[in-house]
Amino acid sequence: MLNWNVDEKRTKKEDPEGYKLWRLEQLLNYGFEKGEIDINELKKSWPKIKHNIDPYIARFTEFLLWGKLYSLPDNLNSWNWPPRKKK
């Protein structure tokens, strides 16, 4: 993945921990083309990066890592509520 607005070499040299977090966020939000994400690194970094990730990707990632399904509310509003049952 080519990121045109960030100098990755400089960022990696100046802030290695911040670069790792940024890289994980980028891989989750925009996909990864080669290799895999280190699951242990992702679990360790999750509390720091979960708020910067697309909510639906974050929900799916939490489901894959821990089996959680509660991180997002149901997508119900007044337009798509199920119809009321008649008595």
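Residue 17 is where the sequence shown starts when you use this note's numbering, and the numbers rise one by one after that. Glycine included, every Cβ here is placed at the ideal spot set by N, Cα and C.
How would you label R26, buried or exposed, when you count the other beta carbons within 10 angstroms and need 16 or more for buried? Taking the sequence shown and counting its residues from 1, the one referred to as residue 26 is at position 10. Flag for R26 reads exposed.
Span separating the alpha-carbon of E57 from that of R39: If you number the sequence shown from 1, residue 57 lands on position 41. If you number the sequence shown from 1, residue 39 lands on position 23. Answer to the nearest angstrom: the Cα atoms are 11 Å apart.
Compare the beta carbon distance of L43 and I55 with 8 Å and say whether it is the shorter of the two. Against the sequence shown, residue 43 aligns to sequence position 27. Against the sequence shown, residue 55 aligns to sequence position 39. Contact flag unset, no.
With DSSP collapsed to three states, give me the class of L44. Taking the sequence shown and counting its residues from 1, one reaches residue 44 at position 28. Of the three classes helix, strand and coil, the one that applies to L44 here is helix, per DSSP.
For I65, which three-state DSSP category applies? One-based indexing of the sequence shown puts residue 65 at position 49. Here I65 sits in helix by DSSP.
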